[in-house]
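Visitor: Which chain is which? The protein sequence lines are A and B, in order.
One gets the working numbering by counting positions in the first sequence from 1 and adding 1062 to each.
One gets the working numbering by counting positions in the second sequence from 1 and adding 54 to each.
Here it is, the structure, as structure tokens.
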Amino acid sequence: DVKVTQSSRYLVKRTGEKVFLECVQDMDHENMFWYRQDPGLGLRLIYFSYDVKMKEKGDIPEGYSVSREKKERFSLILESASTNQTSMYLCASSTGFSGNTIYFGEGSWLTVV
Amino acid sequence: QKEVEQNSGPLSVPEGAIASLNCTYSDRGSQSFFWYRQYSGKSPELIMFIYSNGDKEDGRFTAQLNKASQYVSLLIRDSQPSDSATYLCALGDRDDKIIFGKGTRLHILP
């Protein structure tokens, strides 16, 4: 089975803190994604990566950055957390061909106070 | 902007009946289509994917794709209370991105 692991399930951070969300997949997938999910807004793509050290902006990249130093690991960074970044963050991975299925981690619930 | 449209619901269906979930999309170049189920507080899990026009059946689930009309649907036969969830329609574009609709909440009435 594909395993996508998000190390932090529940976090509470203060406004202005730097936040790291880590994601690891064990299926040698080329593509990795970070989404956030908010009520009424659905899943929105923040960033995705199709290879090591490669990244592409999604629909809402502002306030976020990412890092992919190894194929299996994709990190989401909030340089200076704000209350409007309170959300559930979902990491996902997929193989690198068109039409591929993506698999999600369990999600990270971030509250910024 | 590529869009995936779903009725947000809730869609209420009696237990044992057929639940029909619909989705339309704007990008004619989309190649692949997916249905995910998401329980409250959980991450989405894949139910089915479909690439070709027509029907694809898997157990109680049938996905239907009509590329000419740009819609994809999911039928759930013999609906069970455990089918109550939010169903997300998604499509894969030519850049390997997966774009999601906002989901339809399905409620199966016991």
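From the three backbone atoms N, C-alpha and C, an ideal C-beta is built for every residue, glycine too.
Only a predicted model underlies this, so the values are computations on that prediction, with no experimental measurement involved.
Helix, strand or coil: how does DSSP classify Pro-164/B here?
Guide: It is coil, neither helix nor strand.
Visitor: Using a threshold of 9 Å, state whether the C-beta atoms of Gln-60/B and Lys-156/B are closer than that.
Guide: Contact flag set, yes.
Visitor: Inspect the beta-carbon positions of Glu-1092/A and Ser-1156/A and report whether they are closer than 9 Å.
Guide: Yes, they are a contact pair.
Visitor: How would you write the range of the beta strand (DSSP E) that Gln-1087/A sits in, first residue to last?
Guide: Gln-1087/A -> beta strand (DSSP E) spans 1085-1087.
Visitor: Can you grab the Cα-Cα spacing for the pair Ser-1127/A / Gln-124/B, in whole Å?
Guide: Using only the alpha carbons, I get a separation of about 34 Å.
Visitor: Measuring alpha carbon to alpha carbon, tell me which of Ile-1122/A, Gly-1102/A, Ser-1069/A ends up nearest Thr-140/B.
Guide: Nearest of Ile-1122/A, Gly-1102/A, Ser-1069/A to Thr-140/B, Cα basis: Gly-1102/A.
Visitor: Assign Thr-1163/A to one of three DSSP states: helix, strand, or coil.
Guide: It is coil, neither helix nor strand.
Visitor: Classify Ala-1046/A as buried or exposed, calling it buried when 16 or more other Cβ atoms lie within 10 Å of its own Cβ.
Guide: With chain A represented from 1063 up to 1175, any question about residue 1046/A goes unanswered, as that position is not in the structure.
Visitor: Give the residues of chain A in contact with Gly-157/B, contact being defined as C-beta atoms less than 9 Å apart.
Guide: The answer, in chain order, is Gly-1104, Leu-1105.
Visitor: Below 8 Å on the Cβ atoms is my guess for Arg-159/B versus Gly-70/B; work out the distance and round it to an integer in Å.
Guide: Actually they are not in contact, since the Cβ atoms of Arg-159/B and Gly-70/B sit about 19 Å apart, beyond 8 Å.
Visitor: Residues in the same chain with beta-carbon distance under 6 Å from Thr-1173/A, minus the five sequence neighbours each way, listed in chain order, please.
Guide: Within the same chain, Thr-1173/A has close Cβ partners Val-1074, Thr-1148.
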